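*Asks:*
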Amino acid sequence: MKVQVLSEVCTGHGRCYMLAPEVFGEDDRGHCQVLAPEVPSEHESQARIGAEACPEQAIEIEE
Ligand code: SF4
22 MKVQVLSEVC
32 TGHGRCYMLA
42 PEVFGEDDRG
52 HCQVLAPEVP
62 SEHESQARIG
72 AEACPEQAIE
82 IEE
């Protein structure tokens, strides 16, 4: 699984990195940063939860 954040769409709600801290982190403005674009299999469910929780649909997942 690959994951990316559309930085121009992210508005920094922080839901992704609160719900999926193994996959997403925050930059100094509170916007999302992907910790590793290639998601390890044990963190795939967390990545999906974080993506689904984003109110801006700023997270794209490629299975
Ligand atoms: S939940 Fe969405 S808008 Fe909020 S920080 Fe994460 S990617 Fe950005």
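At position 61 of the sequence shown the residue is numbered 82 (my numbering), and the sequence of numbers has no breaks.
Ideal placement from N, C-alpha and C gives every residue a C-beta, glycine not left out.
These numbers were taken from a predicted model, which means no experiment stands behind them.
Whole angstroms is fine: what's the gap from residue 31's alpha carbon to residue 64's?
*Replies:* Those two C-alpha atoms are separated by around 21 Å.
*Asks:* Go through its chain and collect everything with a Cβ distance to residue 77's Cβ below 7 Å, but skip five positions before and after it.
*Replies:* Contacts found: 30, 31, 32.
*Asks:* In the DSSP assignment, what are the bridge partners of residue 55?
*Replies:* Answer is 45.
*Asks:* For residue 25, which residues from the same chain have a beta carbon less than 7 Å from its beta carbon, with the 5 sequence-adjacent residues on both sides left out?
*Replies:* Cβ neighbours of residue 25 beyond the five flanking positions: 55, 58, 81.
*Asks:* Below 8 Å on the Cβ atoms is my guess for residue 36 versus residue 74; work out the distance and round it to an integer in Å.
*Replies:* Yes, they are in contact, since the Cβ atoms of residue 36 and residue 74 sit about 4 Å apart, within 8 Å.
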